[in-house]
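Using this note's numbering, the first residue of the sequence shown is number 16, and each one after it goes up by one.
Contents: one structure, followed by commentary.
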Amino acid sequence: MIPESKIKELVEARIEGTKLFVVEISVSSSNKINVLIDGYDGVSINDCIDVSRGVEHNLDREDQDFELEVSSAGLDMPFLVPEQYKKNLGRAVKVYTHDGRKHEGQLFYVDNEKIEITYQEKVRVEGRKKKELVTQVEEYFFESDQKEKKIRDTKVIISFK
Numbered sequence: 016m017i018p019e020s021k022i023k024e025l026v027e028a029r030i031e032g033t034k035l036f037v038v039e040i041s042v043s044s045s046n047k048i049n050v051l052i053d054g055y056d057g058v059s060i061n062d063c064i065d066v067s068r069g070v071e072h073n074l075d076r077e078d079q080d081f082e083l084e085v086s087s088a089g090l091d092m093p094f095l096v097p098e099q100y101k102k103n104l105g106r107a108v109k110v111y112t113h114d115g116r117k118h119e120g121q122l123f124y125v126d127n128e129k130i131e132i133t134y135q136e137k138v139r140v141e142g143r144k145k146k147e148l149v150t151q152v153e154e155y156f157f158e159s160d161q162k163e164k165k166i167r168d169t170k171v172i173i174s175f176k
């Protein structure tokens, strides 16, 4: 079996100096290699071809036969690495937490430990009869003891407006 670390090394060498990044690499017991890439400016078919050729030309089929598939992270896929969060700053997202709840808002802030989303909520303001729209900020963590604050999945909300 071809080690994932070797594939990751080859992919990272190929995309170095570009706006692409590795999302996920998996190698099955039958040497089916799946490489998932993304980029700050998107991923073209030529990017996938280039990465595929870079990996394939550095592996020996005589030594171990393999099947290689390089693709881009789809719009409907959950984010898997912090770079995907950074790429989607300012976009509408759904955050699913470990307590099973879904939270929607605009991705406002990202670092290596947490994200923050903003959302509009109608709140009763003291001294007024009508509720007013107020912008709220909520933070969620990649690692947390609180299930209601720990991120399970995050996906972009796709809008065709």
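Ideal Cβ positions, reconstructed from N, Cα and C, are used throughout, including at glycine.
Helix, strand or coil at residue i according to DSSP, with G and I counted as helix
i      : result
Asn61  : helix
Tyr100 : helix
Ser20  : helix
Ile172 : coil
Leu25  : helix
Arg68  : helix
Beta-ladder partner(s) of residue i, from DSSP
i      : result
Asn73  : Answer is none; Asn73 lacks a bridge partner.
Asn49  : Ser41, Glu84
Tyr155 : Ile130
Ile166 : Thr112
Val125 : Ile130
Identity of the residue in the options nearest residue i by Cα
i      : options                      : result
Arg106 : Thr133, Gly89, Glu27         : Thr133
Lys162 : Asp114, Gly69, Gly89         : Asp114
Asp126 : Val96, Ile22, Ile52          : Val96
Met92  : Lys176, Lys34, Thr169        : Thr169
Ser174 : Arg76, Gln121, Cys63, Lys102 : Gln121
Lys165 : Tyr111, Arg29, Lys47, Ile172 : Tyr111
Leu51  : Asp65, Asn73, Val38          : Val38
Cβ-Cβ separation, residue j to residue i (assumed contact under 8 angstroms), whole Å
i      : j      : result
Glu128 : Phe157 : 6 angstroms
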